[in-house]
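Novice: Below you will find the structure I want to go over with you.
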Amino acid sequence: MTQTSENVTWLTQEAYNKLKAELEHLTGPARAEISAKIAAAREEGDLRENGGYHAAKEEQGKQELRVRQLTQLLENAKVGEAPAADGAVAPGMVVTIAFDGDEDDTLTFLLASREYASSDIETYSPQSPLGTGVIGHKVGEDAEYELPNGKKALVKIIKAEPYEG
0 MTQTSENVTW LTQEAYNKLK AELEHLTGPA RAEISAKIAA AREEGDLREN GGYHAAKEEQ
60 GKQELRVRQL TQLLENAKVG EAPAADGAVA PGMVVTIAFD GDEDDTLTFL LASREYASSD
120 IETYSPQSPL GTGVIGHKVG EDAEYELPNG KKALVKIIKA EPYEG
């Protein structure tokens, strides 16, 4: 999954199906299950001192937040549109950079959102300092991004290819 603009999210069909299944579970069986937990805890009596009730309500709040996140994500999703293989860094690409132009000190990563993260390759968000620093740059160009300590780091774009995973 990758951000291609402020509100549009690119997803592979597999990622879309996985997130859609999670949403269907949360709005169906999981919602009924949490409602039953709340009802059972409510029957125990005094709600002010009922730990089970408060835990169930907190769980319900977290679940509903995830439902809202998934709903918004899926409403703004574009499925199956990989970025162009034109050498320009964009979300959905595997990018190799060299730190301070030193081609022996490189990092290869997938530029994508956390829902698209893979155990096969390190993933950086397009909104991360590194992500925002390299987006739009072409192979061979230098890019700059801000480190957590406020200093700037310079990287050279070595490779940028659409993710095939």
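Using numbering that gives the first Met the number 0, the first residue of the sequence shown is number 0, and each one after it goes up by one.
The beta carbon of each residue, even a glycine, is placed where N, CA and C say it ideally should be.
Between Pro-125 and the rest of its own chain, which residues show a CB-CB distance below 8 Å, the 5 nearest in sequence each way excluded?
Specialist: Residue numbering aside, residue 125 sits at position 126 when the sequence shown is read from its first letter. These residues qualify, in order along the chain: Thr-1, Gln-2, Pro-90, Leu-110, Ala-111, Ser-112, Thr-131 and Ile-134.
Novice: DSSP state of Lys-186, grouped into three classes?
Specialist: A question about residue 186 goes unanswered here, because the residues of the chain that appear run from 0 up to 164.
Novice: Whole-angstrom Cβ separation of Ile-157 and Lys-137, contact assumed at under 8 Å?
Specialist: Position 158 of the sequence shown, counted from the first residue, corresponds to residue 157. Position 138 of the sequence shown, counted from the first residue, corresponds to residue 137. Actually they are not in contact, since the Cβ atoms of Ile-157 and Lys-137 sit about 11 Å apart, beyond 8 Å.
Novice: At a cut of 8 Å, does the region 101 to 110 reach the region 31 to 39 through at least three beta carbon pairs?
Specialist: Verdict: no, contact absent.
Novice: Just reading off the beta strand (DSSP E) that Ala-144 is part of, what are its end residues?
Specialist: Sequence index remark: in the sequence shown, residue 144 carries index 145 (1-based). Reading the sequence as shown, one finds Tyr at residue 144 and not Ala. 141 to 145 is the span of the beta strand (DSSP E), which, as asked, contains Tyr-144.
Novice: Let me confirm a value: Leu-146 is counted as buried when at least 16 other C-beta atoms fall within 10 Å, else exposed. Which label applies?
Specialist: If you number the sequence shown from 1, residue 146 lands on position 147. So Leu-146 counts as exposed.
Novice: For Pro-161, write down the residues that DSSP places opposite it in a beta bridge.
Specialist: Walking along the sequence shown from the start, residue 161 turns up at place 162. Per DSSP, Met-92.
Novice: What is the DSSP secondary structure of Ile-120, reduced to helix, strand or coil?
Specialist: Taking the first residue of the sequence shown as position 1, residue 120 is located at position 121. Strand.
Novice: With a 10 Å radius around its C-beta and 16 neighbouring C-beta atoms as the bar for buried, classify Ile-170 as buried or exposed.
Specialist: Since the first and last residues shown for the chain are 0 and 164, residue 170 lies out of range.
Novice: Consult DSSP for Met-0 and reduce its assignment to one of helix, strand or coil.
Specialist: Indexing the sequence shown from 1 puts residue 0 at position 1. Residue placement at Met-0 is poorly supported in this model, since its pLDDT is 45, which falls under 50; the coordinates still yield a value, given next. Coil.
Novice: In three-state DSSP terms, what is Ala-31?
Specialist: The residue labelled residue 31 in the question sits at position 32 within the sequence shown. Ala-31: helix per DSSP, three-state reduction.
Novice: List, from N- to C-terminal side, the beta strand (DSSP E) runs of 3 residues or more that fit wholly inside the region 51 to 89.
Specialist: Qualifying beta strand (DSSP E) stretches, in chain order: 76 to 78.
Novice: Could you give the distance in angstroms between the alpha-carbon of Ala-84 and the alpha-carbon of Met-92?
Specialist: The residue given as residue 84 occupies position 85 in the sequence shown. The residue given as residue 92 occupies position 93 in the sequence shown. Rounded to the nearest angstrom, the two C-alpha atoms are 9 Å apart.
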